[in-house]
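Here our numbering is used: the first residue of the sequence shown is 381, the next is one more, and so on.
Don't be surprised by glycine CBs; every beta carbon is placed ideally from N, CA and C.
Read through the structure below, which is laid out as structure tokens, and then see the notes.
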Amino acid sequence: MKKDKNEITFENTIKIQKIEEYMKKHNLTEEQFAQKCHLTLKELQKVLHNHSYFEPIWVLKIARTMSVDFNDLVN
């Protein structure tokens with residue numbers, strides 16, 4: 381599969397647990413959290429399920445929604 385030049389591989393580098401803990405603490409489903417992040421459900425799921433590639437801006441949107449620094453979500 382050809383990767384778009386704007387996509388980056390973050391294999392096993394996103395702190396999924398922090399995102400899931402935030403969602404649980406705020407009683408949010410994946411769909412609700414995706415909406416808060418201004419992401420599609422599919423985009424959020426690519427991040428949460430450590431898909432082989434996704435756009436870094438998605439992680440930035442998640443970090444902003446959680447009021448944390450981008451670096452707090454990456455290993």
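| Grouping DSSP H, G and I as helix and E and B as strand, with all else coil, what is VAL448? | Within the sequence shown, residue 448 is the residue found at index 68, counting from 1. Correct three-state label for VAL448: coil.
| message | Per the DSSP calculation, VAL454 is bridged to which residue(s)? | response | If you number the sequence shown from 1, residue 454 lands on position 74. Answer is ILE394.
Could you tell me the distance, in whole angstroms, from the CA atom of GLU411 to the CA atom of SER447? As a first step, residue 411 is located in the sequence shown; it is residue number 31 there, counting from the start. As a first step, residue 447 is located in the sequence shown; it is residue number 67 there, counting from the start. Distance between the alpha carbons of GLU411 and SER447 is about 19 angstroms.
### Query
By a C-beta neighbour count over all protein chains shown, 10 Å radius and 16 as the cutoff for buried, is VAL439 buried or exposed?
Locating residue 439 in the sequence shown gives position 59, counting from the first residue. Buried.
| request: Under 7 angstroms Cβ to Cβ from GLN425, same chain only, skipping five residues before and after it: list those, please. | output: Counting from one through the sequence shown, the residue named residue 425 turns up at place 45. Answer for GLN425: GLU410, listed in chain order.
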